[in-house]
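Q: Can you keep this structure in mind? I'll have questions shortly.
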Amino acid sequence: MELDLGLPWVAPLVSVVLAITFLGVWRRGRDIPALDVRLEDAVRDLPRKASSSHQIRCYDPATLEEFGYAHAMSAAEVRDIIAKTRLASKDWKKSSFAQRRMLLKILLKFTVENQADICRVSALDSGKPLVDASFGEVLGTCEKIWWLVAEGERYLRPERRSSGYMMFYKKARVEYHPVGVVGTIVPWNYPFHNILNPLTAAVFAGNGIVIKVSEHATWSALVYQRVIDAALAAAGAPPDLVRIVTGFGEAGGALVTGGVDKLIFVGSTAIGHKVLEAAATTLTPVVLELGGKDAFIVLEDADLATVTATALRGAFQSCGQNCAGAERFIVAERLFEEFVQRCVAVAGKLRQGPAAGEDVVDCGSMCMPGQAEKVQELVDDAVAQGAKVGFGVPCSLCAGQALSGAGLAVLRGGWDPGAAPSCMPLPSIPSRTRVVWPGVASTPAGFARPPPSPTPGVDRRAPAGHGEGPLLPADHHHRCRTGHAYLGGGGLWTRHVRGDLQERCRGRGPGQ
19 MELDLGLPWV
29 APLVSVVLAI
39 TFLGVWRRGR
49 DIPALDVRLE
59 DAVRDLPRKA
69 SSSHQIRCYD
79 PATLEEFGYA
89 HAMSAAEVRD
99 IIAKTRLASK
109 DWKKSSFAQR
119 RMLLKILLKF
129 TVENQADICR
139 VSALDSGKPL
149 VDASFGEVLG
159 TCEKIWWLVA
169 EGERYLRPER
179 RSSGYMMFYK
189 KARVEYHPVG
199 VVGTIVPWNY
209 PFHNILNPLT
219 AAVFAGNGIV
229 IKVSEHATWS
239 ALVYQRVIDA
249 ALAAAGAPPD
259 LVRIVTGFGE
269 AGGALVTGGV
279 DKLIFVGSTA
289 IGHKVLEAAA
299 TTLTPVVLEL
309 GGKDAFIVLE
319 DADLATVTAT
329 ALRGAFQSCG
339 QNCAGAERFI
349 VAERLFEEFV
359 QRCVAVAGKL
369 RQGPAAGEDV
379 VDCGSMCMPG
389 QAEKVQELVD
399 DAVAQGAKVG
409 FGVPCSLCAG
419 QALSGAGLAV
429 LRGGWDPGAA
439 PSCMPLPSIP
449 SRTRVVWPGV
459 ASTPAGFARP
469 PPSPTPGVDR
479 RAPAGHGEGP
489 LLPADHHHRC
499 RTGHAYLGGG
509 GLWTRHVRGD
519 LQERCRGRGP
529 GQ
């Protein structure tokens, strides 16, 4: 499958990388058990009618075809699952690294051998195109699993530390012990990866894990639970070591307050505040991965022929339903007009439709009900305040509630001079528009000219919650790192366009 974003090498690259991964697994894994799980047949027994109010309607967001109804767990059921997982974790913490590696290798082998089915199941439940599933669901998951297999034990070994001058006669070291039960709440945008990502790390460290999935990704989660159960059995692990919780807010709240030993939450900033507040009552350690307004900053020496394709993929991958998707484009004055023209020209050629249908598409559907209409409201609000639409189709003209032409809108305009000095407004539209708010998923792409600055394109820091993963394409790493200091964000992606080298710089800006 090809992605019509000026990246003819995308599909071949994915094929080559997956082929290399497959050969590596095959050579090392001829003694690894194979799992006999047919993904799409795994939950065909879901009831077609809701039997009670505690049911979750499962359907394809693109076509609205129903898969059936799944059980929404109560708080009592979630607490019972945590208790069972705790018992399983007590046995698993005694397991050897060899057994843990075997469990991960079984999951890796299944992922590689069943990648097409995994992509299709994820596409049916989340609306993403198959090529996006190949990158986000399969390729990323395989890489993370293999890193754990190859490097995980080394980073969990005891480490020597200095005991200082006063305790020169003592020895000091750091030991890593399993915490017990890890609770995780994950979103719907990457159904397979969002389950396997915390699962593999938790079990390799000797823990059990309970994963609360979004109600909008329940069907695929039940499919993948079958795979996990089979892998646990093949590796000789306790059957309750990994459990998936399905349900609504009641189930998520029960997981937070139900007695897990560590909590991981991936989602919006607003819900993250509530999770942290609830976990504080029991002093449960929490890891938060929250949404933001990721900036894509094009410096004046960037090569637009290279940058444009990357920018549009950042904006329209999975219809923008991507945690690190590009949502604010700040373009140097000299390149602004040409950059907008290039982006509009390519955006007009994007194909949208059911992700798992017969036709090849570049953009699938939005997952949550009403999200397409919300994006249309954001576009209308921006236009009413001076923004101009370069390309887009009104949501009312799209087929089905989940297909959104508004997700293909390209907004353009100037910098808002009335913004507060400490705020970086959303490119191309005034900062007072609602589309600038953090946590708004699937937003259109917006472009802005920056004000004069020693670092073109970077002059103001992002407000809290607005900078999850900025990307700065430029010809020199030094200028990108300088821009990172101005932004004050978390992780930074830079692109050295002349050498076609990508580097992720992890760090924080001044005062972070």
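Heads up: the sequence shown at position 483 corresponds to 501 in our numbering, and the numbers run straight through without jumps.
Each residue gets a CB set at the ideal place from its N, CA and C atoms; glycine is no exception.
Small disclaimer: the values here were computed from a predicted structure and weren't measured.
#1: Residue 234: buried (16+ other C-beta within 10 angstroms of its C-beta) or exposed?
#2: Check whether the Cβ atoms of residue 166 and residue 252 lie closer than 8 Å to each other.
#3: When the Cα atoms are used, what is the spatial distance from residue 186 to residue 173?
#4: Curious, which full-length beta strand (DSSP E) runs of at least 3 residues does the segment 201-280 contain?
#5: Looking at the unbroken alpha helix (DSSP H) that takes in residue 99, where does it start and where does it end?
#6: Out of 76, 281, 189, 96, which has the shortest C-alpha to C-alpha gap to residue 88?
#7: Mind pulling the alpha helix (DSSP H) runs of 4 or more residues that sit fully within the segment 345-423?
#8: Keeping to the same chain, check which residues put their C-beta closer than 6 Å to that of residue 308; ignore five residues upstream and five downstream.
#9: Measuring straight from C-alpha to C-alpha, what distance separates residue 359 and residue 321?
#10: Could you compute how far the alpha carbon of residue 96 sits from the alpha carbon of residue 229?
#11: Which term fits residue 30, buried or exposed, when burial requires 16 or more other beta carbons within 10 angstroms of its beta carbon?
#12: Looking at residue 182: is its Cβ nearer than 8 Å to the Cβ of residue 107?
#13: Compute the distance between the beta-carbons of residue 78 and residue 256, then report whether it is under 8 Å.
#14: Going straight from the alpha carbon of residue 93 to that of residue 266, what length do you get?
#15: Check residue 169 in the structure and name its three-state DSSP category.
#16: Looking at the unbroken beta strand (DSSP E) that takes in residue 50, where does it start and where does it end?
#17: Quick check: the segment 268-286 against the segment 236-250, are at least 3 beta-carbon pairs closer than 8 Å?
#18: Can residue 239 and residue 262 be called in contact, C-beta distance under 8 Å?
#19: Could you check which residue in 216, 162, 381, 377 has the C-alpha nearest to that of residue 332?
#20: Determine the closest residue to residue 191 out of 128, 175, 205, with distance taken between C-alpha atoms.
#21: Below 6 Å CB to CB, which residues in the same chain sit around residue 336 once its five sequence neighbours on both sides are set aside?
#22: Go through its chain and collect everything with a Cβ distance to residue 71's Cβ below 7 Å, but skip five positions before and after it.
#23: Is residue 161 helix, strand or coil when you go by DSSP?
#24: From the DSSP secondary-structure annotation, give me the bridge partner or partners of residue 89.
#25: Can the beta-carbon of residue 283 be found closer than 8 Å to that of residue 306?
#26: Return the first residue and the last residue of the beta strand (DSSP E) that residue 177 is part of.
#27: Ignore the nearest five residues each way along the sequence and tell me which others in residue 38's own chain have a CB closer than 7 Å to its CB.
#28: Do you know offhand how far residue 402's Cα is from residue 396's?
#29: Which residue from 207, 330, 211 puts its Cα closest to that of residue 163?
#30: Quick one: is residue 126 buried, meaning 16 or more other Cβ sit within 10 Å of its Cβ, or exposed?
#31: Using a Cβ-Cβ cut-off of 6 Å (strictly less than) and excluding sequence neighbours within five positions of residue 115, which residues of its own chain qualify?
#32: At the level of alpha carbons, what is the spacing between residue 104 and residue 161?
#33: Closest to residue 327 by CA distance: which of 365, 296, 338 is it?
#34: Tell me residue 191's beta-bridge partners as DSSP assigns them.
#35: Out of 129, 302, 312, which has the shortest C-alpha to C-alpha gap to residue 153?
#36: Would you list the one or two residues that DSSP bridges to residue 308?
A: Quick look at the numbers:
#1: buried
#2: A distance of 8 Å or more separates the beta carbons of residue 166 and residue 252.
#3: Approximately 26 Å, taken between the alpha carbons.
#4: 226-230, 260-263
#5: 93-110
#6: 76
#7: 354-365, 389-402
#8: 287, 290
#9: 14 Å
#10: 10 Å
#11: exposed
#12: no
#13: Against a cut-off of 8 Å, the Cβ pair of residue 256 and residue 78 comes out as no contact.
#14: Straight through space, the alpha carbons of residue 266 and residue 93 are spaced by roughly 10 Å.
#15: helix
#16: Residue 50 -> no beta strand (DSSP E), and no H or E assigned at all.
#17: no
#18: yes
#19: 381
#20: 175
#21: 146, 150
#22: none
#23: Under the three-state reduction of DSSP, residue 161 is assigned to helix.
#24: 73
#25: yes
#26: 177-179
#27: none
#28: Here the C-alpha atom of residue 402 lies approximately 10 Å from the C-alpha atom of residue 396.
#29: With distances taken between Cα atoms, residue 163 lies closest to 211.
#30: buried
#31: Taken in chain order, the residues that qualify are 171.
#32: 29 Å
#33: 365
#34: Per the DSSP secondary-structure output, residue 191 pairs in a beta bridge with 178.
#35: Measuring C-alpha to C-alpha distances from residue 153 to each of 129, 302, 312 identifies 129 as the nearest.
#36: In the DSSP secondary-structure assignment, residue 308 is bridged to 285.
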